[in-house]
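Residue numbers (the numbering used here), protein chains in the order written: chain H, 1 to 293; chain L, 1001 to 1323. Here a beta-carbon is modelled for each residue, glycine too, at the ideal position from N, C-alpha and C.
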Amino acid sequence: MSSAEMVAELRAPVPSMPPVRYHGVFVRQFVSETAIIFRRRRNIAILAVLGAVPIFIGVAVKISAPRGGEGPAFIGQITSNGLFLAFAALTLCLPVFLPVAVAVVAGDAVAGEANTGTLRYLLTVPVSRSRLLLVKTAGVIAFIIAAIGLVTVIGVVLGVSLFGTHGMTLLSGDTVSVSNGLLRSVGVAAYVFVDLLGLAGIALFFSTLTEVPVGAMAATVVLAIIFTVLDAVPQLSGIRGILLTHHWLDFAGLLRTQVNTSQLLHGMLLPLGYFAIFTAAAWSRITTADITS
Amino acid sequence: MTAVATALKATPTDTSLAIATHGLTRRFGQHVAVNGVDLAVPRGAVYGFLGPNGSGKTTTIRLLLGLMTPHAGTVELLGGAMPAAAGDVLSRVGTLVEGPAFHPYLTGNDNLRRLDAYDASTDPSTSAARIGSALERVGLSAAAKKTYRRYSLGMKQRLGLAAALLRPRDLLILDEPTNGLDPQGTREVRTLIRELAADGTTVLVSSHLLAEIEQVASHVGIMSAGKLLSQGQLDQVLGVAAALLRVETPDVERALDVLAQLGLRVENHTADHLLVAMGDRTPDVINAALVRADVAVRGLHVERPLLEDLFVKLTGEGFDVVR
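(1) With a CB to CB cut of under 8 Å and the five nearest residues on each side skipped, what residues in its chain are close to G1051 (chain L)?
(2) Here's a check: name, in chain order, each residue in its chain whose Cβ is nearer than 7 Å to the Cβ of H166 (chain H), leaving out the five neighbours to either side.
(3) Taking all protein chains shown into account, do 16 or more other C-beta atoms lie within 10 angstroms of the C-beta of D1170 (chain L), making it buried, or fewer, making it exposed?
(4) What is the rounded straight-line gap between the Cα of A147 (chain H) and the Cα of V153 (chain H)?
(5) If you measure beta-carbon to beta-carbon, which residues of the stretch 1111 to 1144 of chain L are closer than 8 Å to chain H?
(6) Using only CA atoms, which one of L:G1044, L:A1033, L:L1275 and L:E1076 lies nearest to T1021 (chain L)?
(7) What residues from chain H crowd round V1041 (chain L), counting only those whose CB sits closer than 9 Å?
(8) If you measure beta-carbon to beta-carbon, which residues of the stretch 89 to 119 of chain H are closer than 7 Å to chain L?
(9) Check whether the Cβ of A1241 (chain L) lies closer than 8 Å to any Cβ atom in chain H.
(10) Between H:R120, H:L254 and H:G273, which has its C-alpha nearest G241 (chain H)'s C-alpha?
(11) Assign H1269 (chain L) to one of three DSSP states: helix, strand, or coil.
(12) Would you report the Cα separation of L1262 (chain L) and K1313 (chain L), rounded to the nearest angstrom?
(13) By the DSSP assignment, the beta strand (DSSP E) with E1223 (chain L) in it spans what residues?
(14) Whole angstroms is fine: what's the gap from L1065 (chain L)'s alpha carbon to L1090 (chain L)'s?
(15) Under 8 Å between the Cβ atoms of V1041 (chain L) and I1019 (chain L)?
(16) Is any beta-carbon of chain L found at less than 8 Å from that of L47 (chain H)?
(17) Assuming the contact rule is C-beta atoms closer than 8 Å, L1300 (chain L) and V1258 (chain L) should be a hit. Round their C-beta distance to whole Å, please.
(18) Closest by CA to R1167 (chain L), which one among L:D1175, L:V1189, L:T1186 and L:S1125?
(19) Which residues in chain L sit within 7 Å of P126 (chain H), going by Cβ to Cβ distance?
(20) Any C-beta of chain H within less than 8 Å: which residues of the stretch 1058 to 1069 of chain L qualify?
(21) Applying the 10 Å Cβ sphere with the 16-neighbour rule, what's the burial state of R1026 (chain L)?
(22) In chain L, which residues lie with their C-beta within 7 Å of the C-beta of V25 (chain H)?
(23) Please name the residue in L:Y1105, L:L1161, L:Y1118 and L:V1291 whose C-alpha comes closest to that of Y22 (chain H).
(24) Closer than 9 Å, Cβ to any Cβ of chain H: which residues of the stretch 1098 to 1110 of chain L, in chain order?
(25) Is any beta-carbon of chain H found at less than 8 Å from that of T1095 (chain L)?
(26) Along the chain, where does the alpha helix (DSSP H) that runs through D1170 (chain L) open and close?
(27) Following the continuous alpha helix (DSSP H) through R28 (chain H), name the residue where it begins and the one where it ends.
(28) Quick one: which unbroken beta strand (DSSP E) runs of 3-plus residues sit fully inside the stretch 207 to 259 of chain H? Chain order, please.
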């Protein structure tokens, strides 16, 4: 080594070279994120409550079967088709339990890290702010899938074992095969997932605005309630088309013999639009905000 | 020109700085928190970043790390322009900003695993080993499996330091690293900083504990009201020329004559000693002159100004200097 090289080495111990990047980083980050979501006691409690809903309905209907058409949607159908237990449970969870679950987890996503101060340490790891939002969004989506999956699976398994399928009678009175019925169940779960995706986008955006996670959660729930209230006012029928919750229960269309695909797609478009707009707003906020927490 | 000289000349000046800011400015409403700060932290230095509460140290650190955007000025970290270069340089920077922060319901070990999982520049297969050695280095191995919420303030601080040491770093930015530590812990942190610096790591350490800084820092920068009042090598900032020589002698009158002939200013004198501003003279030269003139010298002491005195002189009284 020449003396010049030696000096160069001494003078520049750290050349400005981009560091080594390992593959599969997103997977590592996502696994870490889901671990923190699913190990948190609060979130486990939420999942437990959601999982209890189909169990309560199933047991109640088994003990005292309602007469057809009585009570909340689908409950009357359960005795003739066990799969309806899953649909009844989802319908019951959709106005309050599921939105609260989404609001808690998505509202906590960024605000929770800001609140504990861990946000500044994640960003100096470094994790780019866009990547952090992506991982956080993926974690929230995983939780929504788990929540809906739990209600649906427990509903289907319990419903079929308690009440049988009786050849899968649909709302329209027709009978389809068991596999067709299960496929429709997956369809309903997917529809509910898209419903909640819109709300998750809103909660994620709120989560980037505050260092108080409860604030983001409450704002999301309040907004969901406002949507429902506005939807119930006949004089406001003109704006119903843009209310996030307006088409939430339209998955019933999947339970008729003739599935109106265009109506279902239309119902899913709105939550997807909300999701796109609000995650874009969240991205715009998180990439420019000063981290003072 | 020799090869060595060529090599030295060919190196751009900025690569010798681990941190360089120019005119860094950040306001909060009307309040200017950081006002035209030109920070220059040489590579390999232990830079003591001093200033009273609210003088803008932490805001400066947040600006360095890209957590905040400056209203004016630039930041270069390890040669990369922040915040654009954050993805490339921050993995080589270990940080402790405004106290440790971890998930309270995760263990110390799991908290470090989480941070490491997020780091694209680390090898996941060595994660457990690196976490183990980082915990050991800060003396926290025994508490690795405890949840963070059960940690004492000192243990939390140690975990924060462990996070900064999860992988080899070229630069450590430590904001009040000894906050909440007991005397042993403070000593350990001092030793840790010395060890890291000996390995070539540049360390920027902010603190109120001036005595601490005086013991480890090679360089200091003093902030007050958002401005960097003074920075440079510790000796230069303290001002070697301002050092006083305390001469103990019974022949004060004769000594005064000799010192006057040397052109030295006597700050103060009593019946048995005098205090001389040394200027550019060294104690041995002054002593030789005194002895030549038959002045009986009983003792000589160099009295250097304390960092604390300088700090108070620059930033004013009226706040808690050594917390």
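So, from the data block:
(1) Here the set comprises K1057, S1206, I1222, M1223, S1224 and T1315.
(2) S80 and N81.
(3) It is buried - the Cβ of D1170 (chain L) has at least 16 other Cβ atoms within 10 Å.
(4) The alpha-carbon atoms of A147 (chain H) and V153 (chain H) are separated by roughly 10 Å.
(5) Going along the stretch 1111 to 1144 of chain L in chain order, one finds R1113, R1114, L1115, A1117, Y1118, D1119, A1120, S1121, T1122, D1123 and P1124 with a Cβ nearer than 8 Å to chain H.
(6) Of the candidates L:G1044, L:A1033, L:L1275 and L:E1076, the one whose C-alpha sits nearest the C-alpha of T1021 (chain L) is L:E1076.
(7) What V1041 (chain L) touches in chain H: nothing, since even the nearest Cβ is about 13 Å away.
(8) Within the stretch 89 to 119 of chain H, the residues whose Cβ lies closer than 7 Å to any Cβ of chain L are, in chain order, T116, G117 and T118.
(9) The pLDDT assigned to A1241 (chain L) is 48, lower than 50, so where the model puts this residue is not dependable, and the model offers no usable value.
(10) Checked all of H:R120, H:L254 and H:G273; the closest Cα to G241 (chain H) is H:G273.
(11) It is a strand residue.
(12) So the alpha carbons of these two residues sit roughly 29 Å apart.
(13) According to the sequence displayed, residue 1223 (chain L) carries Met and not Glu. Taken as a continuous stretch (DSSP letters only), the beta strand (DSSP E) holding M1223 (chain L) covers H1219 to S1224.
(14) Rounded to the nearest angstrom, the two C-alpha atoms are 8 Å apart.
(15) By the CB criterion at 8 Å, V1041 (chain L) and I1019 (chain L) fall inside the cutoff.
(16) No, because no Cβ of chain L sits closer than 8 Å to the Cβ of L47 (chain H).
(17) Actually they do not touch by this definition, with Cβ atoms about 14 Å apart.
(18) For the residues L:D1175, L:V1189, L:T1186 and L:S1125, the minimum Cα distance to R1167 (chain L) belongs to L:S1125.
(19) Neighbours of P126 (chain H) on chain L, chain order: A1086, G1087, L1090 and S1091.
(20) If you check each beta-carbon in the stretch 1058 to 1069 of chain L against every beta-carbon of chain H, the ones closer than 8 Å belong to R1062, L1065, G1066, L1067, M1068 and T1069.
(21) Buried.
(22) The contacting residues are A1120.
(23) Ranking L:Y1105, L:L1161, L:Y1118 and L:V1291 by CA distance to the CA of Y22 (chain H) puts L:Y1118 first.
(24) Within the stretch 1098 to 1110 of chain L, the residues whose Cβ lies closer than 9 Å to some Cβ of chain H are E1098, G1099, P1100, A1101, F1102, H1103, P1104, Y1105, L1106 and D1110, listed in chain order.
(25) Yes - at least one Cβ of chain H is within 8 Å of the one on T1095 (chain L).
(26) Element bounds for D1170 (chain L): n/a, residue is neither H nor E.
(27) Where R28 (chain H) is concerned, the enclosing alpha helix (DSSP H) starts and stops at V25 to F38.
(28) As far as the stretch 207 to 259 of chain H is concerned, it has no whole beta strand (DSSP E) run of at least 3 residues.
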